[in-house]
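**Student:**
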Amino acid sequence: RDHPDHPSSPTRRASDLPHTLAVRYFGGGVIMDHKIITISRQYGSGGRIIGKKLADELGIPFYDNELINLAAEKTGLSKECFKEAESVSTGNLLLSLTTLTPTVDSYGLPLNEKIFLVQSQVIKEVAEQGSCVIVGRSADYVLSENPNCINVFIHAELEDRVKRAVELYGLDAKNVESAVLKTDKKRAGYYNYFTGRKWGKLENYDLSINTSKISLDDVVYILKTYVEKRSEEHTSELQSPVHLVCRLLLE
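4 is the number of the first residue of the sequence shown in this note's numbering; add one for each residue after it.
1) May I ask you to report which of helix, strand or coil DSSP gives G52?
2) Quick one: which unbroken beta strand (DSSP E) runs of 3-plus residues sit fully inside the segment 183-236? Chain order, please.
3) Between D209 and V155, which are expected to be in contact by the criterion C-beta below 8 Å, what is the C-beta distance as a whole number of angstroms?
4) In the structure shown, what three-state DSSP assignment does Y172 receive?
5) Is it a yes or a no for the segment 171-189 touching the segment 122-135, going by three-plus beta-carbon pairs under 8 Å?
6) Using a Cβ-Cβ cutoff of less than 8 Å, which residues in the same chain neighbour R200 once the five nearest sequence positions on both sides are dropped?
7) Run the CB neighbour count on K204, radius 10 Å, all protein chains shown included, and call it buried at 16 or more, exposed below.
8) At the level of alpha carbons, what is the spacing between P130 and T41?
9) If we count the other Cβ atoms within 10 Å of its Cβ and call it buried at 16 or more, is T228 buried or exposed?
10) G173: which of I39, H37, G47, K38 sits nearest, CA to CA?
11) Leaving aside the five residues before and after S215 along the sequence, list all residues of the same chain whose C-beta is less than 6 Å from its C-beta, in chain order.
12) Is it buried or exposed, L146, if we count other Cβ atoms within 10 angstroms and call 16 or more buried?
13) Return helix, strand or coil for S181, following the three-state DSSP convention.
14) Using the C-alpha atoms, what's the distance from Y66 back to V169?
15) Which residue from Q45, I39, H37 puts its Cα closest to that of K185?
16) List the whole-angstrom C-beta distance separating N149 from I39, where the pair is believed to meet the contact cut-off of C-beta under 8 Å.
17) Excluding the 5 residues flanking V165 on each side, which residues of the same chain have their C-beta closer than 8 Å to its C-beta?
18) Given G211, which residues of its chain have a CB within under 6 Å of its CB, disregarding the five upstream and five downstream residues?
19) Is L57 near V223, with beta carbons less than 7 Å apart?
20) Taking the DSSP output, what are the residues bridged to R140?
21) For W202 and R190, I'd like the C-alpha separation in whole angstroms.
22) I need the straight-line Cα distance from E235 to G50, nearest angstrom please.
23) On a Cα-Cα basis, can you pick out the residue from C152, F197, G139 that is closest to G54?
As structure tokens, then:
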């Protein structure tokens, strides 16, 4: 084990193994049986409620505003800076996440870009710690190289989103439709600006669910079943002879 040629030697690197095995077993420090579920959502579609219920059902941590708290602690910036970040991004700059390190040098960057970088670091850190549900914050993009990620987009008809915004979120019924559409426009602008992708585009997600067609509790059941099936497929794959040998070598 202590010999540098032993697969589990401290000096052994992921690059010493074939690429497919290095990705599968090292994965940038991510344990392969982690379940990371990211939820992107239209405002008023019930995405946050679904995320919280799903995390409770699976018995794993839930991150939404918690990410703001962690990022604020990391930088010393106020929580309000992170809460308002989605509404201030403009322009065409794309930031590459491949340059992220544990101590990002963000000197000279505009505030909204510093915030995005720090939030991205926090998202990667909580994903490395274990299974979790993450709502918003472009987490599907930040974790796009994480093989354990399940990315979900929750949407609904405008009429239903407006109703939920009034009844559950307490928005003024007089201007609620405008507020709902404006919030989605900000989310889309933030996501498109920093990721180079299109917010809500089906190709970016594993599942896209319309909550106007099914209850929130049924959506939670569907997602839980999907996560469990994905885990079963992964377990079956890891029981193949090749992977069993690799696991023995790495232990």
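Idealized CB from N, CA, C, for every residue including glycine.
As the structure is a computational prediction, the values presented were derived from the model and not from experiment.
**Tutor:** With the structure as the only source:
1) Stepping through the sequence shown from its first residue, residue 52 is reached at position 49. It is worth fixing the name first, because residue 52 is Ile in this sequence and not Gly. Helix, per DSSP.
2) Annotation note: the segment 183-236 contains the following uninterrupted beta strand (DSSP E) runs of length 3 or greater, listed N- to C-terminal: 210-213.
3) Residue numbering aside, residue 209 sits at position 206 when the sequence shown is read from its first letter. Residue numbering aside, residue 155 sits at position 152 when the sequence shown is read from its first letter. At roughly 7 Å, the Cβ-Cβ gap stays under 8 Å, so D209 and V155 are in contact.
4) Sequence index remark: in the sequence shown, residue 172 carries index 169 (1-based). In this structure, Y172 counts as coil in the three-state DSSP scheme.
5) Fewer than three beta-carbon pairs drawn from the segment 171-189 and the segment 122-135 are found closer than 8 Å, and the two stretches are therefore not classed as touching.
6) The residue you call residue 200 lines up with position 197 of the sequence shown. The beta carbon of R200 sits closer than 8 Å to those of Y144, Y194, N207, all from its chain and outside the five residues before and after it, given in chain order.
7) Start at 1 with the first residue of the sequence shown, and residue 204 comes out as number 201. Classification of K204: exposed, given that the 10 Å Cβ count is below 16.
8) As a position in the sequence shown, residue 130 is number 127, starting the count at 1. As a position in the sequence shown, residue 41 is number 38, starting the count at 1. Checking the displayed sequence, the identity of residue 130 turns out to be Ala instead of Pro. T41 has its alpha-carbon roughly 10 Å from the corresponding atom of A130.
9) The count along the sequence shown starts at 1 and reaches residue 228 at position 225. Burial call: exposed.
10) Here residue 173 is taken as the residue at index 170 of the sequence shown, counted from 1. Among I39, H37, G47, K38, the Cα nearest to that of G173 is on G47.
11) Here residue 215 corresponds to residue number 212 of the sequence shown, with the count starting at 1. Closer than 6 Å at Cβ, skipping near neighbours: A159, E160, D163.
12) On the sequence shown, residue 146 is found 143 positions in, with the first residue counted as 1. By the neighbour-count rule (16 or more Cβ atoms within 10 Å), L146 is buried.
13) Along the sequence shown, read from residue 1 onward, the residue named residue 181 stands at position 178. Judged by DSSP in its simplified three-state form, S181 adopts helix.
14) As a working note, residue 169 is residue 166 in the sequence shown. As a working note, residue 66 is residue 63 in the sequence shown. Cα to Cα, V169 sits roughly 24 Å from Y66.
15) Along the sequence shown, one-based indexing puts residue 185 at 182. Here the closest residue by C-alpha is Q45.
16) In the sequence shown, residue 149 corresponds to position 146, counting from 1. In the sequence shown, residue 39 corresponds to position 36, counting from 1. With 8 Å as the limit, N149 and I39 qualify as a contact, their Cβ atoms being about 6 Å apart.
17) Translated into the one-based positions of the sequence shown, residue 165 becomes position 162. Taking C-beta separations shorter than 8 Å and ignoring five residues to either side along the sequence, the partners of V165 in its chain run G47, V179, E180, V183, following chain order.
18) Along the sequence shown, read from residue 1 onward, the residue named residue 211 stands at position 208. The sequence shown places Ser at residue 211, rather than the Gly named in the question. So the qualifying residues of the chain are F156, L205.
19) Position 54 of the sequence shown, counting from 1, holds the residue named residue 57. Position 220 of the sequence shown, counting from 1, holds the residue named residue 223. Contact check for L57 against V223 passes: the beta carbons are separated by less than 7 Å.
20) One-based indexing of the sequence shown puts residue 140 at position 137. Note: R140 sits in no beta bridge, so no partner.
21) Here residue 202 refers to the residue found at position 199 of the sequence shown. Here residue 190 refers to the residue found at position 187 of the sequence shown. Rounded to whole angstroms, W202 to R190 spans 8 Å at the Cα level.
22) By 1-based counting over the sequence shown, the position of residue 235 is 232. By 1-based counting over the sequence shown, the position of residue 50 is 47. The alpha-carbon atoms of E235 and G50 are separated by roughly 25 Å.
23) Translated into positions along the sequence shown, residue 54 becomes position 51. Answer by Cα proximity: G139.
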